[in-house]
Every structure is written in C-alpha cells, then in structure tokens.
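One structure is given here, and the rest of the page talks about it.
Protein chains: 2
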Amino acid sequence: MTHTLPEAAVLRPAGDLVELTRALVDVASESGSEAALADAVEGALRAAPHLTVERIGHSVVARTSLGRAERVVLAGHLDTVPACDNLPSRLVDDRVYGLGACDMKGGVAVALQTAMTVTAPTRDVTYVFYECEEADAARNGLGIIAAARPELLAGDLAILLEPSGGLVEGGCQGFLTADVTVRGRRAHTARAWQGVNAAHRAAEVLRRLDEHGVREVVVDGLVYREGLNAVAVRSGVASNVVPDTCVVTVNLRFAPSCSPQEAEARVRALFPEHEVDVTEVVAGALPGLGRPAAASLLARLGTEPRAKLGWTDVARFAAAGVPALNFGPGDPSLAHTPDEYVPVAELHAVRAALTDWLTG
Amino acid sequence: MTHTLPEAAVLRPAGDLVELTRALVDVASESGSEAALADAVEGALRAAPHLTVERIGHSVVARTSLGRAERVVLAGHLDTVPACDNLPSRLVDDRVYGLGACDMKGGVAVALQTAMTVTAPTRDVTYVFYECEEADAARNGLGIIAAARPELLAGDLAILLEPSGGLVEGGCQGFLTADVTVRGRRAHTARAWQGVNAAHRAAEVLRRLDEHGVREVVVDGLVYREGLNAVAVRSGVASNVVPDTCVVTVNLRFAPSCSPQEAEARVRALFPEHEVDVTEVVAGALPGLGRPAAASLLARLGTEPRAKLGWTDVARFAAAGVPALNFGPGDPSLAHTPDEYVPVAELHAVRAALTDWLTG
Chain A
2 MTHTLPEAAV
12 LRPAGDLVEL
22 TRALVDVASE
32 SGSEAALADA
42 VEGALRAAPH
52 LTVERIGHSV
62 VARTSLGRAE
72 RVVLAGHLDT
82 VPACDNLPSR
92 LVDDRVYGLG
102 ACDMKGGVAV
112 ALQTAMTVTA
122 PTRDVTYVFY
132 ECEEADAARN
142 GLGIIAAARP
152 ELLAGDLAIL
162 LEPSGGLVEG
172 GCQGFLTADV
182 TVRGRRAHTA
192 RAWQGVNAAH
202 RAAEVLRRLD
212 EHGVREVVVD
222 GLVYREGLNA
232 VAVRSGVASN
242 VVPDTCVVTV
252 NLRFAPSCSP
262 QEAEARVRAL
272 FPEHEVDVTE
282 VVAGALPGLG
292 RPAAASLLAR
302 LGTEPRAKLG
312 WTDVARFAAA
322 GVPALNFGPG
332 DPSLAHTPDE
342 YVPVAELHAV
352 RAALTDWLTG
Chain B
2 MTHTLPEAAV
12 LRPAGDLVEL
22 TRALVDVASE
32 SGSEAALADA
42 VEGALRAAPH
52 LTVERIGHSV
62 VARTSLGRAE
72 RVVLAGHLDT
82 VPACDNLPSR
92 LVDDRVYGLG
102 ACDMKGGVAV
112 ALQTAMTVTA
122 PTRDVTYVFY
132 ECEEADAARN
142 GLGIIAAARP
152 ELLAGDLAIL
162 LEPSGGLVEG
172 GCQGFLTADV
182 TVRGRRAHTA
192 RAWQGVNAAH
202 RAAEVLRRLD
212 EHGVREVVVD
222 GLVYREGLNA
232 VAVRSGVASN
242 VVPDTCVVTV
252 NLRFAPSCSP
262 QEAEARVRAL
272 FPEHEVDVTE
282 VVAGALPGLG
292 RPAAASLLAR
302 LGTEPRAKLG
312 WTDVARFAAA
322 GVPALNFGPG
332 DPSLAHTPDE
342 YVPVAELHAV
352 RAALTDWLTG
C-alpha cells in the first residue's frame, strides 16, 4: 500500500480513521515543534459549526455548548518523543506503525473524529489537544491551560485518551523521588580501617529497598501495586580512597489513596539514620469511578476497569477536582519504543465506544 | 626567620641540612616540570669527584665505584604533587613546611647530602634522583631507567627515602582494582516487578566487601593488613527506570606474599555469579629483610621494622630482583596534604643513620 506525506497539513477528520491516524503521525510534532500539527487540528475544528474553538499556545480547545446536564472532557497531547527512524507511518497487518502512533496520535485521531462527527452529544464535550506532554512539566500544555484558563478544563469527568489497550484505567499512582545520602569517613584504602566505607554502609539501604517488594493497595475496587526502587547509586572519590558518601536515589510509586505527605513520611521512616532529600513528589489521582459520568461509561463498555500504575495527566484533572480516567487505543508498554504501533481494531473500538456513550 | 627563594637554583648540599631541604622545596618541581631541580641536583653531584653522574631525561644517577663487596641504591623522586598555596618553605617549630617537604624533598636532601659527604662508603652506593613519581606510571623516571638502563638500578639492597617516620618499612603491599558488574533487567518503575533491579542485587556485593574486613598477614615477621573496599558504585538509567546494571569498583590491598594471580583469583572467587573485570593489578614487594645488607642496616638502627601498607616504588626494585625498603624522614600520612612538613630531628636522624651505616 502506498502512502505519501501530505503536501500541506490538511486533515480529513470525518473520513477514514486509519488515514486520519496516519496523517497525524506524518505531521511531525516532537515536543516544542507542535505548531504545524496544532494549526492543522485547529483548522479542522474551526470548520465544525457545533464547536467553539480556542487556541492557547500550541494547544487547541474545542467545546460544544448544548446546555447538557453533564460535561465531559476528552483530552490528548499532540507531541511525541524524538523520532527514531520511524517516520513516515506504515500500515502493516492492521496496525498503524510510526512515531507517536501509540503514544498518542491514535487517541488524538479518535478524539478529533469524535469531535467532528458527534455534533449533538447527549453530554456537552470539551476536546483538549495540547502541547508538550513529553517534555518537562513546566511546558505541559494542560498545565498551562489549567493555570491560565482553568474554566476550560471544568467538567464532571475527564477522559485522557492515552494508550490503555482499549480498557478503562482508573486514576493513576503518585511518585516520589528522593536522595538517600549515606555518610562515612574517607581514608586511604591501604589503611581502610581508619575510615568508614559509605558504599559498604549503603548495602543495608539497598537491602531494605529490595525487601519492600510490591505492595497491593485496593482503591475503588482497583488494585494498585506500589513499588520502591533504587534508580541510581553514586559513590566514589578515587580508586585508592575509601568513599565518604554514597547517594542512593530512590523512586516510590504510591497508590492514589496515599498523600504525598504520607509517601514522604514512609520513605523517611525507612531510613531514619540517613539524610533523605525529597527531590520530587507528585500526587496520584483517585479513580473516581463512582461518579455518575464514569459509571455510565463503564456500564456502556461492559468491561472491568483496571488501575493505572504509571503517572499520567489524569492527575492534573484530579488536582483540579475533576475525576479522570485513561481510555485510549494502543498498548501502553509500546509507548516510546521505535516500533510503536496502534492496532486498527482498537482505534475503531474506542471510537465506537465513545460515540455510543455520547449519543446513547 | 627570613628566607628567600634562591635566585638561581644552586644548592649547597654539603652545608646545613635544613637549608638544603628548604632550597629543594623552593625549586618548584611539580610532575613534568622537574627540569630546573634536576639541573641543580645534577650540577651539585657533578662537582663531586668520587661520583660518576648520568642524566636520563630529568632523572639523575650518581655512583661510587670503589669495588666494594656490596652495592646499595638510595633513591628518591624529585617531583611533587601540584602546589596548594604552600610555597615557599617555612621553618616553624623545628619543622620544615612547604610543598613536598614531607613527600619527599626531605628524603632527597638526606640522600643528596649523603652523596656529597660520604666520599668513601664501605658499600658502593648508587644514588637515584628521578622524575614523575606522582604522575601516571608510564612517565615514572624509575620505570624509564629500569627499561632503558636496568644495570643502573642493580644492587644488593635498595632504600627508598619515601617518608616512613624515620622507621624502616619493609616491602609494600600490592593492589588490584576491578569492576564487578551486577546485571538486572530494565523496567519502568511503575511496573518494577517486570524487571530485576541491579542496584538492589548489588547490596549483597557490598555486604561481602564489608564482611571481608581487615586480614593480617605476617611476612618476614612484619604484619601486613589486607583490605578489600568498594571505591566506587555506579548505577542509574533514569529516575523512572529500574536499572539493569550496577558496577561496583573494588580495590584490594594484598600482602606481598600474595601474587597478582592469587589476588585476582580471590576477588573472582568472592563474586562467582558476577562479571569481574580486573582493570589494574600490581604486585607488592617482599620485605627481604633477611638479606645481609638489610640485616646490617636494621642492626645498626636498632629499631623494629614495620610493614609498608601502601604501594611504593620499592616494588619496582623488587620486580628487578633487588630487595628494597622504605626509610626516610617525615610522616607518610602528611604526604599530599597542604600542611605537609618534615621534622628537622628526623632529617638529621635519617642522615646520621645512613652515614653511620655506610661508614661503619
């Protein structure tokens, strides 16, 4: 099958969903370079009379205003990680391959097509296509909108179309990163007994981390799996010197029922004899599956939700008081891999489920 | 007390030993910049009719040729580590302070004065003043002489005037450096159970190193203290990734009765399940205190020898079949410190002991 890059980035969002996904992949949009894709998406949305469109940076927000009792937000990021010899898109074995196909232009295609074709949804809908999700948090388009125009993100439920294998993944876990500094005393290795080897002392820190293992926590019926890992170890002065410090960087993934304060206390309690410097801590998001909007989606899908273990932008909605879940096409474990793809069947399934829910 | 830097580097080696030490300190000679000091030393030695002098790079060798039954080698390096705001020399409380005072211009002063004043020693003597001991091994002047003119280093005993607190330190320990690589399997920390944390596995490596502790080994009546230490630990991919490797760099100090091959086998046997990459292994030097020349020196001194725990250039002599020991003024633990000094009393004591031994 032949396929050429579009001469101009003009999308046909009401047309074939696979072609739309491929067109979105073929407009390169690494973080910081989303202008062309944002232009194309904005251009398509402005052609729809049932939508009110706003542009904020290289993010685009489109809304219906039908006066429905509920409002839901469908959101997806426009950017990708850097290319890895995986452009242009390819269609092989009913899978769309190419940079961002899985994370998350497949989801963007579904949301864009839904925006264009579901002209009279039974719930008002806010569509958010945003920039810089794969870059540092300060540039995240969703964060920028939340700060500048929080009313645009308001709703009874937010659905992030990040890849979730076509299943509903509720909430997300929080994470904490901290440096645990083990102290010793320097000495020449020829007279090591005059010092205290900090790297040797770190053995006990690593042992406790290993002992932590996986802890299952159930929230709203979903099973989260907390983990605590050393993600870096740094020690060393010179090859003939007993090192006087060893820094173990630890990463805790904690269930959304645990607050950042509790997470920090847990890590500190594990290493009472060492310095613990928390460098980053981010709350998770409660699944909120009991909310009416979420319950109706789950009922419509007829599948069991599962817990989201990684951190996603659903936490940004949760922090704003909007329950949020992940529901999108593509296997999340393929994200950021050179061979990422999205199955055509999942594109159609998610598209159909959302249309069904928004029109039923 | 006032003291000025010499206008030209002219030494008065037969004069006051403290002034000679200070003059040697005041001719800066960081590794690679020994030319001026080597010129001064060579000039002084060439003025002595009882000595045959040769210059090799910035090293100087001077020999008596009296047809004695024994030949001993007195050796010292001319270079220092980089200056640390510790020039010019100062004489305070009967200590000579300044860059290299302890390591080892005090020893060089003793050897140089002995060379000039002991004109008819009872043993033939080879004096070696050499460059680049504090730099990388390939530039070491003693190594260069050993390769180019090995006959110049021949003798029944070599005495290295490295600081040893005025005591005889026999032999030296060998050392081995190796990287122990612990393997795991990468995974996202949100799904850590899909991976194997290499840093966690390294806890057991560090525990075994700590368990090794200090092991005493007696050779020729001297007590060596072997030690095995982690000197560096490196692990880490990203703050959300379970690391798949953790490299622990270990340093073994081993008694001179242990061969490099045995040392390597010991480290490998300790970590049979991990990759062990030996990056450097250097043999120690047996004390050889039973040799007649060494025995007579010890008898003359009337002090007990002790084991040399660090590695020194005595090992270069040992490798050439010449028993060697360390005997020089200054506290070895002050070497390379900004406040290094050599006690005047030790300068005189070592000088007197050597003169006594070479003339008695």
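Line by line, the protein sequences give chains A and B.
So the number in the working numbering is just where the residue sits in the first sequence, counting from 1, plus 1.
So the number in the working numbering is just where the residue sits in the second sequence, counting from 1, plus 1.
Here a beta-carbon is modelled for each residue, glycine too, at the ideal position from N, C-alpha and C.
Since the model is a prediction, treat every value here as computed from it, not as a measurement.
Check                                                                                                                                                                                 : Outcome
Does the Cβ of A112 of chain B have 16 or more other Cβ atoms within 10 Å, making it buried, or fewer, making it exposed?                                                             : buried
Within the segment 80-131 of chain B, note down every full beta strand (DSSP E) run reaching 3 residues or more, in order along the chain.                                            : 91-93, 96-98, 125-131
Spatial neighbours of T123 of chain B within its chain, please: C-beta separation below 8 Å, excluding the five flanking residues on both sides.                                      : R69, L359, T360, G361
Give me, in chain order, the residues of the same chain whose beta-carbon lies closer than 7 Å to that of M2 of chain A; leave out the 5 immediate sequence neighbours on both sides. : Residue placement at M2 of chain A is poorly supported in this model, since its pLDDT is 40, which falls under 50; the coordinates still yield a value, given next. Closer than 7 Å at Cβ, skipping near neighbours: L92.
Do V218 of chain A and A256 of chain A have their CB atoms nearer than 8 Å?                                                                                                           : yes
The beta strand (DSSP E) that contains L326 of chain B, what's its start and end?                                                                                                     : 325-327
Suppose you measure from the CA of A295 of chain A to the CA of A155 of chain A; what does that come to, to the nearest Å?                                                            : 15 Å
What number of angstroms, rounded off, separates the C-alpha of S32 of chain A from the C-alpha of A84 of chain A?                                                                    : 11 Å
With a threshold of 8 Å, are at least 3 pairs of Cβ atoms found where one atom belongs to the segment 241-255 of chain B and the other to the segment 181-191 of chain B?             : yes
Kindly indicate which residue of B:R235, B:E276, B:G167 has the alpha-carbon position closest to the one of G303 of chain B.                                                          : B:G167
In the structure shown, what three-state DSSP assignment does R23 of chain B receive?                                                                                                 : helix
Is the distance from the Cβ of A203 of chain B to the Cβ of R208 of chain A below 8 Å?                                                                                                : no
When DSSP builds the beta bridges, which residues end up paired with P344 of chain B?                                                                                                 : B:R96
Determine, for V282 of chain A, whether the minimum Cβ-Cβ distance to residues of chain B falls below 8 Å.                                                                            : no
Sorted by chain position, which residues of the same chain lie with C-beta nearer than 6 Å to E135 of chain A's C-beta, five sequence neighbours on each side aside?                  : S32, D80, V82
In its own chain, which residues sit with a C-beta less than 8 Å from the C-beta of E8 of chain A, not counting the 5 before and 5 after it?                                          : With a pLDDT of 47 at E8 of chain A, under the threshold of 50, the modelled position of that residue is not reliable, and the figure given next carries that caveat. If we look at E8 of chain A and ignore the five residues flanking it on each side, it has no Cβ neighbours.
Taking the alpha carbon of A325 of chain B as the point to measure from, which residue in B:E163, B:V206, B:V97 has its own alpha carbon closest?                                     : B:E163
Strictly under 8 Å for the Cβ-Cβ distance: is V315 of chain B near chain A by that measure?                                                                                           : no
Indicate whether the contact test is met: 3 or more Cβ pairs, each with one atom in the segment 39-58 of chain A and one in the segment 104-119 of chain A, closer than 8 Å.          : yes
State whether the segment 56-68 of chain A contacts the segment 98-106 of chain A, with contact taken as three or more CB pairs (one from each stretch) at a distance under 8 Å.      : no
Using a cut-off of 7 Å between C-beta atoms, extract the partners of H189 of chain B located in chain A.                                                                              : G311
Just the chain B side, please: which residues come within less than 7 Å of C247 of chain A by C-beta, in chain order?                                                                 : V234
Could you check which residue in B:G289, B:T250, B:A286, B:S258 has the C-alpha nearest to that of F272 of chain B?                                                                   : B:T250
List, in chain order, every chain B residue whose beta-carbon is nearer than 9 Å to that of T182 of chain A.                                                                          : Within chain B, no residue comes near T182 of chain A; the closest Cβ sits about 13 Å away, beyond 9 Å.
Using a beta-carbon distance cut-off of less than 8 Å, what residues from the segment 249-275 of chain B approach chain A?                                                            : V249, T250, N252, R254
Kindly indicate which three-state DSSP category H78 of chain B falls into: helix, strand or coil?                                                                                     : strand
State the beta-bridge partners of L161 of chain A as determined by DSSP.                                                                                                              : A:A76, A:N327
If the cut-off is 7 Å on Cβ atoms, which residues from the segment 203-219 of chain B count as contacting chain A, listed in chain order?                                             : A203, A204, L207, R208, L210, D211, V215
So, for V248 of chain B: in the same chain, excluding its five sequence neighbours on each side, which residues have a beta-carbon less than 6 Å away from its beta-carbon?           : D180, T182, R235
How about V243 of chain A: is its C-beta nearer than 8 Å to some C-beta of chain B?                                                                                                   : yes
So what's D278 of chain A in DSSP terms, helix, strand or just coil?                                                                                                                  : strand
Assuming the contact rule is C-beta atoms closer than 8 Å, G175 of chain A and C259 of chain A should be a hit. Round their C-beta distance to whole Å, please.                       : 7 Å
So what's S66 of chain A in DSSP terms, helix, strand or just coil?                                                                                                                   : coil
So, are the CB atoms of L25 of chain B and V109 of chain B less than 8 Å apart?                                                                                                       : yes
Assuming the contact rule is C-beta atoms closer than 8 Å, R23 of chain B and V97 of chain B should be a hit. Round their C-beta distance to whole Å, please.                         : 6 Å
What runs of the alpha helix (DSSP H), each 4 residues or longer, lie entirely inside the segment 257-315 of chain A?                                                                 : 261-271, 293-302
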